[in-house]
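As structure tokens, the structure follows; a few thoughts come after it.
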Amino acid sequence: METRKVAVEGMIDQSDANKVSRALHEVWGVRHVEVNLARGEAVFSYDEHSASFIDFQQALADSGYRMNEIQ
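So in full-length UniProt numbering, spot 31 of the sequence shown is number 31, and the numbers just go up one at a time.
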């Protein structure tokens with residue numbers, strides 16, 4: 001299980017946070033998603049044998065958002 005914390009660009013309101021959450025939940029292998037609108041961040045856990053970080057980047061890009069990993 002892999003856990004990543006990312007900054008999400010483009011989230012303005014709760015509707016955006018919900019879209020981000022849905023997009024991340026749709027990636028095969030995701031186990032947990034938590035979106036923090038106030039911080040502009042998302043934390044998600046996934047099975048690294050079923051998905052890659054790039055899959056999550058693409059899911060957000062397809063929904064109109066960009067993300068950058070927070071170290």
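All residues carry an ideal CB built from backbone N, CA and C; glycine is no exception.
Keep in mind it's a predicted model, so treat the numbers as computed, not measured.
Start and end residues, beta strand (DSSP E) containing residue i
i: R39; result: First-last for R39: undefined, no H or E at that position.
i: M11; result: Looking at the DSSP string, M11 is not in any beta strand (DSSP E), and its letter there is neither H nor E.
i: E69; result: R66 to E69
One or two residues paired with residue i in a DSSP bridge
i: R4; result: F44
i: V30; result: Y46
Neighbourhood of residue i by C-beta distance below 8 Å, restricted to the same chain and skipping five residues each side
i: V20; result: V8, M11, V35, A42, L60, S63 and Y65
i: H49; result: G29
i: N68; result: V6, A7 and E9
Terminal residues of the alpha helix (DSSP H) in which residue i lies
i: A59; result: F53 to D62
Buried or exposed by the 16-neighbour rule on C-beta atoms within 10 Å, applied to residue i
i: A38; result: exposed
Other residues of its chain near residue i: CB distance less than 6 Å, five sequence neighbours each side excluded
i: V27; result: A51, D55, F56 and A59
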